[in-house]
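Presented below is the structure to which this report refers.
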Amino acid sequence: MPDLEAREAAAGASRIGNGALAGLVMAFTSLVVVLDYLIGADLQVIPLLVVAPALASVYCTVRQTVSVAVWITAVVVVSRVLIGGSYGGLVLGIVFTMLACGLGVGSCAARIRHAVEIARLRTTAGAIQRQILHPLPVLTDQVHADGLYEPIEEDRLVGGDIYEVVESPHGTRVVIGDVQGKGLAAMGAGIAVLGAFREAAIREATLTGVAAALEDAVVRHNASSARSGEAERFVTALVLGFDTDGRVEAVNCGHIAPRLLHDGAARVVRLGRTSVPLGMADLSPEKRTAEHLGLPAGATLLVCTDGVTEARDASGSFYPLDERLAGWVRREPREVLQALRDDLEAFTGGVRRDDIAVLALRGVPAPGEQRPEAPSRAERPAAELVSEV
0 MPDLEAREAA AGASRIGNGA LAGLVMAFTS LVVVLDYLIG ADLQVIPLLV
50 VAPALASVYC TVRQTVSVAV WITAVVVVSR VLIGGSYGGL VLGIVFTMLA
100 CGLGVGSCAA RIRHAVEIAR LRTTAGAIQR QILHPLPVLT DQVHADGLYE
150 PIEEDRLVGG DIYEVVESPH GTRVVIGDVQ GKGLAAMGAG IAVLGAFREA
200 AIREATLTGV AAALEDAVVR HNASSARSGE AERFVTALVL GFDTDGRVEA
250 VNCGHIAPRL LHDGAARVVR LGRTSVPLGM ADLSPEKRTA EHLGLPAGAT
300 LLVCTDGVTE ARDASGSFYP LDERLAGWVR REPREVLQAL RDDLEAFTGG
350 VRRDDIAVLA LRGVPAPGEQ RPEAPSRAER PAAELVSEV
């Protein structure tokens, strides 16, 4: 029984306290008994008591449901004996009550088992997510990164959008990407890119070398997918490098341009060297190149996927990201992310058509400015403002 109670507690099985349950059962029992007495022998309502175990099986623990079932069985037996009647009717009534109560207890036990299994699966999924997409915020020597992540399918913790922040000997490398398509196949391509990025971000001395490693990873993944009959994928990605001297580089692989929030204004950072998405380098004669970005101290660089820019309202209008950001430029990154999340929910009416990933990146604080504190990854749950859902 202690093991059962632990499992029930882990699954959040009980939605009502013992005292409240006892009061409700006694009130229901008294009502039915009084009605049965007032109506008389013409119409017996005592059998209605079997509703109590059925309801308890939905809202209570197994122990609570068993207690209700025992009480109801005892009340029915005593009432039948006092009322009298044929022996066959007495036995039939008692057997019916015991069967109904047994079904209630069985249903409750099945519900608890299912709830425990779901809780176990969610715990496993959370652990997997922490390995696929590391929790945010992340604080390195060069950048403070916070983010928002919401997959389109609520029962999945990871979708087709990806991100990662890696501190390396060459500075901090950041990637945000959007895999073509949705579902498990898109997740496979995204995982391939993340694995390659985590190695290349530390190994490669140049940002173009990191992008080349990601290209190779997508090509290899597509080759493997083709052998198994799956469709090939491409990945739009923005690779950023924050070096130890405070400079920022970017390699844009067909991704959405970042936004800069600084000095009371929000603007699009125009990247003049946008190349093709990852997995499509053979289709372009031009090699990927890196370009420098200006990131003033205290400025926030916001990067996102098209789940934000292509979100639509009920009339089909696209989400006005730049217009909204203009009203949030004086807020802290965490506040901007929360405002963006709430505004997107209101704009779309809660109907999302694509995964959403947003990173808010702020460089090393200016001299004298207080450095933000980021909780350790062990202290942060797997989707807090990385998803907080």
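If you're matching positions, the sequence shown starts at 0 in numbering that gives the first Met the number 0 and goes up one per residue. For every residue, glycine included, the Cβ atom is placed at its ideal position computed from N, Cα and C. What you are looking at is a predicted structure, and each value in this text was computed from that prediction instead of being measured.
Straight-line spacing of the CA atoms in D145 and P284 works out to 36 Å. With 16 or more other Cβ atoms inside 10 Å of its own Cβ, P276 counts as buried. V217 and Q141 have their C-alpha atoms some 28 Å from each other.
Taking the C-beta atoms as reference points, G362 is found no nearer than 8 Å to F196. V90 has its alpha-carbon roughly 24 Å from the corresponding atom of V24. Counting along the chain, the unbroken beta strand (DSSP E) around T235 starts and ends at V234 to F241.
For the set G194, A225 and V49, the Cα lying nearest the Cα of F95 is the one of V49.
For C252, the pairing in a beta bridge is given by DSSP as A236 and S274. Nearest neighbour of T207 by Cα position, chosen from I355, L339, A249 and D244, turns out to be A249. Note on G170: 16 or more other CB atoms within 10 angstroms of its CB, so buried under the neighbour-count rule. For H220, the enclosing alpha helix (DSSP H) has its first and last residue at L206 to R226.
An exposed status is given to Y86, since fewer than 16 other beta-carbon atoms sit within 10 Å of its beta-carbon. Counting along the chain, no beta strand (DSSP E) covers I38; the unbroken alpha helix (DSSP H) around it starts and ends at N17 to I38. Around the CB of N221, 16 or more other CB atoms lie within 10 Å, so the residue is classed as buried.
Where E163 is concerned, there is no enclosing alpha helix (DSSP H), although the beta strand (DSSP E) around it starts and stops at D160 to S167.
Taking N251 as the centre and dropping the five residues before and after it, the same chain places the C-beta of L237, L270 and T273 closer than 6 Å to its C-beta, in chain order. The beta carbon of V335 sits closer than 8 Å to the beta carbons of L260, T299, L301, L324, W327 and A359 from its chain, once the five residues preceding and following it are set aside; these are given in chain order. In the three-state reduction of the DSSP assignment, G170 falls in the strand class, which pools E and B. The beta-bridge partner set that DSSP reports for D177 consists of D160 and T235. By the CB criterion at 8 Å, L138 and Y162 fall outside the cutoff. In the DSSP secondary-structure assignment, L292 is bridged to V247. Here the alpha carbon of D262 sits roughly 30 Å from the alpha carbon of T235. The DSSP-derived three-state label of T304 is coil. In the structure shown, R287 falls within a coil segment according to DSSP collapsed to helix, strand and coil.
Distance check between V164 and each of E198, Q337, A338 and I151 places E198 closest, using alpha-carbon atoms only. Annotation: the continuous alpha helix (DSSP H) that includes D341 extends over P332 to T347.
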